[in-house]
Every structure is written in structure tokens, then in C-alpha cells.
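Chemist:
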DNA sequence: TCTGGGGTCCTAGGACCC
DNA sequence: TCTGGGGTCCTAGGACCC
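Numbering (the numbering used here), first residue to last: 39 to 461.
Next comes the structure, spelled out in C-alpha cells:
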């Protein structure tokens, strides 16, 4: 039996979330900006129609924004994460096999489900719209790559009502459709590969589908071979139903203003390490390698510097305080005075599951169990009383470098004091 | 003045070993 | 002067994704 994999994706997710709680934004061109209000990372359909590109710096858009009355919102990740959870929970009712692929996308395996898949997809759309207010599109196909492509087709209006099921197409119609889509739209074909493929005469998705998988593997890599096979309807990429633990954890931010002194950098790095360590403990892992980096802005004429260093830890750990200590040491090694730093960050890697390390023959951790108990207490207190209630002293309290958020929407769904009241 | 953040996988090439 | 061949492991960097 043909596989039927669905890809459900919220239209203009961040912009749509803002609209749910602020209907004045409906029909208006809306963009959501990245941290520091740096770049446009989400656009409503109206903003896209004005030619606003993904990732475009906001300061370059101010003129066109004024002309057309574009509304810019600072990103509100607490709100988007909460809305995402609601959408995913609704979708999970439609199939036992779900992969939450990103904050606004989910694969569902519908293979063998009774009833027309088009109807099931419409029911998903209806329930999500009704229960969250968010608009979604659904693409269905025999492989993940084709499901993604079907979703694209639905969004572009190749199929009616926001749903497209490639399994319901006959071969000729499907090929006609694929012949009209550029290869850059295919999942896994990015900026660099498009010109190389074009050079081989492969321009449309249909061309790529008709390429020889073996040959493509030789010319490119096994990834490309899988893409070609998936386009032919052969599922090569399985659904990942349980999210595997992260192999690396990054925490980094651009500063709201250039930072020059070691003290401020120390505060920032200390905060980032603590955040990364929290994520590490949440997935019950230890890290053995800590990497810290700082750099100046890559743009402009000012003097540029980029410093980074990795340190192998004496033993894998999940202890914020130990990690902060090492990070502070690294920072002192890579810091150079006289530069205007724009960004700092840390990365934890060589991650292994907790347990196993540092246990004696009876399965107990030796004396330094205090560290583990300290972290449990710290996470519990911060969970109860709010992030950063307890923290390393090196984090400081002022954070003058913190990011700018000029137009942040309230935390409608995650803070009692900001809940939207309707009368 | 102002340019995001967080991930994964694959490959090539060097180091090292026998 | 002459200087093999094959295997593994590791890392940096490139490509992609949202």
C-alpha cells in the first residue's frame, strides 16, 4: 500500500500568532522581527506581497514600511511556543505516528487511515482554526519530500482549500505540476545546489525526479540520492516520532548595543552557559566539551575580531556552576580589549545520556552528588519562581547589553497578568 | 545608529596504526 | 637512491533545515 504522509504547517506562523490576539493586524502587512529587532523573520501575506524578503534587515525596510504602513512586531517566543504546543496536541489526535518537525510543522503518518485523506486534512484545518485561530495548510504524499512539496503546492493555490494530496493525482497531472515548480522549492535543495543542478540541465522538480539516483549520488552525495528517490515516491526518510536528545546545545545572542568590557561579556556568557546547562539537564544529559565564542560585527568598517576556544572538561557534567567557571576561564583567554563586541555565545557538545558516568560498582555516584542535588534544587526554584531567580553571581543583575525589543506583544497565554480579557 | 538563533548530516583529508 | 597499502578515527567545513 502507498504510504500517505501528511505535512501540516501553519501559514506565516509568527505573524499569524500575533494576529490571533490582535485582530487589528488582520488584512495589514505585518512582519515579525528577530531578536534585537534585527531582521524580518516572518511576514504576513500582505508583507510578502510588498516584496519583503525573509531575513532582510529591518533598518533597510524602514522606508518601505513607512510608505505602506507595515506593522513590525518584536518576536515573542513564549507566545509562539505555547501556540505551537496547542497545534501539535490537536494534530496528535489524528494519528499515532507524529513527528513534530519544527515549531510550526508536523508530519503525520496517515497510511491506512480509513476515509478520504482530503477530508481528514480538512478536519485538521477546521479544528486548528477553531481551537487556536491559526490557519494551516496540509500536503500529503508517499514520502516526506513529496508531502513537503504538496504542502507548498497547497500554499501556492495549485490545489483548492489549503489541502493537496499527491496520492490522489494521476501520474500525468502530477508530472505537469512538478514541471512547473523550481528545484529550489524541494526540501534539501538549497542555495548552493540550485546552480550546480541547473548546470546539469536540471531546472524543474520533474527534471530532478527523472535524474538517475546512482549518478546523482556520485555527482553530489547520498543526501541528493535520497531526495531523488523520495521524489519518485520511494520513502527513504522515516518519521522521527520521539525527538532524539540534542547532540549539541547552543545559546547565543547579539547584544542590544556594542560591548567592550570584559565584565559585561562575563555576565552575558555566564547567562548563556546557564541557559545551555538548563537545556542539558532537561534532556538528562551531560556534556564533555564547552565552546565559547565572542565576535565583533561582521558588517561595517570597524576593526574586526573573532575569538573562540573549546575546552574538554575533566569529566562530563551538567552542573551550571562548574560550566560557568570553565566558561569564565575561556572568556579570559579569548578576550581582547579595544573591540566593540556584537555577539557572544556558548556551545555544549560531546553530549551523553546522564547515568553511566561517575557511578561506582553499586550504581551510586561518588561524593560529588552534592552537585546534582544543587542543580535539582536550582531548577525547581527557577521553575517555581521564574527563570534566573537563582543564578551564578557572575551573571550580574543589570544586563545593560540585553537585547532590544521595541514592539513586543504581551504574553497573552503564558502570564496571568497579561492574559487577554474579553468582555 | 541598526544585519537572528539553533540545529542536523555528510565528506574530505589528516593523523595514526599495523 | 629506493619509501606500500589499507584501515580507523577525528575534525573542520560545507551544505541543508526552520
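A virtual CB, placed ideally from N, CA and C, is assigned to each residue, including glycine. Fair warning: this is a prediction, and the values are worked out from it, not measured in the lab.
Would you tell me roughly how many angstroms separate the C-alpha atoms of residue 49 and residue 414, rounded to the nearest one?
Modeler: Approximately 39 Å, taken between the alpha carbons.
Chemist: I'd like the list of long-range same chain contacts for residue 329, defined as Cβ closer than 6 Å, with 5 residues on each side in sequence excluded.
Modeler: The answer, listed in chain order, is 348 and 385.
Chemist: Quick one: give me the first and last residue of the alpha helix (DSSP H) that residue 389 is part of.
Modeler: No alpha helix (DSSP H) holds residue 389; the beta strand (DSSP E) holding it covers 379-391.
Chemist: With DSSP collapsed to three states, give me the class of residue 440.
Modeler: Three-state result, residue 440: coil.
Chemist: Should residue 117 and residue 449 be called a contact, given that it needs their Cβ atoms to be closer than 8 Å?
Modeler: Closer than 8 Å, so yes.
Chemist: Which value, in whole angstroms, describes the spacing of the CA atoms of residue 104 and residue 97?
Modeler: Distance between the alpha carbons of residue 104 and residue 97: 12 Å.
Chemist: Given a cut-off of 8 Å, decide if residue 333 and residue 278 are closer than it, judged by their beta-carbon atoms.
Modeler: In this structure, residue 333 does not lie closer than 8 Å to residue 278 by Cβ.
Chemist: Could you say which of 318, 141, 308 and 453 lies nearest to residue 368 if we only look at CA atoms?
Modeler: Among 318, 141, 308 and 453, the Cα nearest to that of residue 368 belongs to 308.
Chemist: Please confirm whether residue 141 and residue 59 have their CB atoms less than 8 Å apart.
Modeler: Against a cut-off of 8 Å, the Cβ pair of residue 59 and residue 141 comes out as no contact.
Chemist: Go ahead and pull the three-state DSSP assignment for residue 137.
Modeler: Of the three classes helix, strand and coil, the one that applies to residue 137 here is strand, per DSSP.
Chemist: On the DSSP bridge list, what partners appear for residue 254?
Modeler: Note: residue 254 sits in no beta bridge, so no partner.
Chemist: I need the straight-line Cα distance from residue 371 to residue 112, nearest angstrom please.
Modeler: Going from the Cα of residue 371 to the Cα of residue 112 covers about 35 Å.
Chemist: Would you kindly report the start and end of the unbroken beta strand (DSSP E) that includes residue 355?
Modeler: It spans 344-355 - the beta strand (DSSP E) in which residue 355 sits, taken as one unbroken run.
Chemist: Go through the segment 56-115 residue by residue and report every complete run of the beta strand (DSSP E) that reaches 3 residues or more, in order.
Modeler: Here the runs fully enclosed are 68-71, 78-81 and 109-112.
Chemist: Report the rounded CA-to-CA distance for residue 298 versus residue 331, giving the unit in angstroms.
Modeler: About 15 Å.
Chemist: Taking the alpha-carbon positions, what's the residue 159 to residue 211 distance?
Modeler: If you take the alpha carbons of residue 159 and residue 211, they lie about 21 Å apart.
Chemist: Quick check on residue 358: does DSSP put it in helix, strand or coil?
Modeler: Note: residue 358 maps to helix in three-state DSSP.
Chemist: Which whole-angstrom value is the C-beta distance of residue 219 and residue 232, which I expect to be below 8 Å?
Modeler: Contact flag wrong, Cβ pair sits at about 13 Å.
Chemist: Within 10 angstroms of the Cβ of residue 178, are there 16 or more other Cβ atoms? Answer buried if so, exposed if not.
Modeler: Classification for residue 178: buried.
Chemist: Quick check: what's the CA-CA separation for residue 399 versus residue 324?
Modeler: Confidence is the limiting factor: at residue 399 the pLDDT is only 43, short of 50, which leaves the residue's position unreliable, though a coordinate-based value still follows. If I take the Cα positions, the gap works out to 20 Å.
Chemist: Based on the DSSP secondary-structure assignment, which residues constitute the bridge partners of residue 324?
Modeler: In the DSSP output, where bridge partners are listed per residue, residue 324 has 390.
Chemist: Report back the beta-carbon spacing between residue 224 and residue 246 to the nearest angstrom; my notes put them in contact at under 8 Å.
Modeler: Contact flag correct, Cβ pair sits at about 7 Å.
Chemist: Quick check on DSSP: helix, strand or coil for residue 240?
Modeler: Of the three classes helix, strand and coil, the one that applies to residue 240 here is coil, per DSSP.
Chemist: Under DSSP, the alpha helix (DSSP H) around residue 260 begins and ends at which residues?
Modeler: Per DSSP, residue 260 belongs to the alpha helix (DSSP H) from 260-269.
Chemist: Please state whether DSSP places residue 223 in a helix, a strand or coil.
Modeler: In this structure, residue 223 counts as helix in the three-state DSSP scheme.
Chemist: Counting only runs that start and end within the segment 171-238, where is the beta strand (DSSP E) found for 3 or more residues in a row?
Modeler: Taking only runs of at least 3 residues, the beta strand (DSSP E) segments lying wholly in the segment 171-238 are 174-179 and 201-203.
Chemist: Cβ atoms of residue 235 and residue 216: under 8 Å apart, would you say?
Modeler: Contact flag unset, no.
Chemist: Would you check if the segment 191-198 and the segment 63-72 touch, i.e. whether three or more CB-CB distances between them fall below 8 Å?
Modeler: No contact exists between the segment 63-72 and the segment 191-198.
Chemist: Alpha carbons only, please: which of 185, 358, 102 and 318 is nearest the one belonging to residue 146?
Modeler: Closest by alpha carbon: 185.
Chemist: Measuring CA to CA, which of 128, 187, 183 and 137 is closest to residue 161?
Modeler: For residue 161, the nearest C-alpha among the options comes from 128.
Chemist: Considering only residues of the same chain and omitting the five flanking positions on each side of residue 405, which have a CB-CB separation below 8 Å?
Modeler: Note that residue 405 scores a pLDDT of 43, beneath 50, so its modelled location is shaky and nothing firm can be said.
Chemist: Taking 8 Å as the limit between beta carbons, can you name the residues of its chain near residue 300, skipping five residues before and five after?
Modeler: Closer than 8 Å at Cβ, skipping near neighbours: 369, 370, 373 and 375.
Chemist: Going by DSSP, what residue range makes up the alpha helix (DSSP H) through residue 419?
Modeler: Note, residue 419: alpha helix (DSSP H), 407-423.
Chemist: CA-CA distance, residue 433 and residue 456?
Modeler: Straight-line Cα distance between these residues: approximately 27 Å.
Chemist: Do you know how far the Cα of residue 412 is from the Cα of residue 389?
Modeler: Whole-angstrom Cα-Cα distance: 21 Å.
Chemist: Using 8 Å as the threshold, is the C-beta distance between residue 83 and residue 445 below it?
Modeler: Result no, Cβ atoms of residue 83 and residue 445 do not sit closer than 8 Å.
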